[in-house]
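Heads up: the sequence shown runs through residues -6 to 62, numbered per the numbering used here.
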Amino acid sequence: MGYWVLALQVFWEEIGKYAFFLIINAYCIIRMYQNRHWKYCAVIFILLNGWVIYRYWMEIINSYLYWNQ
């Protein structure tokens, strides 16, 4: 039982960390699909995704550098 609680807590922290990102991404995808203001939504979509990919990339590089000292 304790493992499930821990797994749920870790899952919630990961989802909660990017909840704003996920909501804005979903909104931009819906707007691009509806063809209303799709250019602005595409720019926001690309910027947000680039920012999250950059943050994940920095976490991976930093953990790699930490473990290979």
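Virtual Cβ for every residue (Gly too), placed ideally from N, Cα, C.
Since this is a predicted model, take the numbers as computed values, not measurements.
query	result
Under the three-state reduction of DSSP, which class applies to Asn28: helix, strand or coil?	coil
Are three or more beta carbon pairs between the segment -4 to 3 and the segment 16 to 33 nearer than 8 Å?	no
For Asn61, which three-state DSSP category applies?	coil
Using the C-alpha atoms, what's the distance from Ile54 back to Ile37?	26 Å
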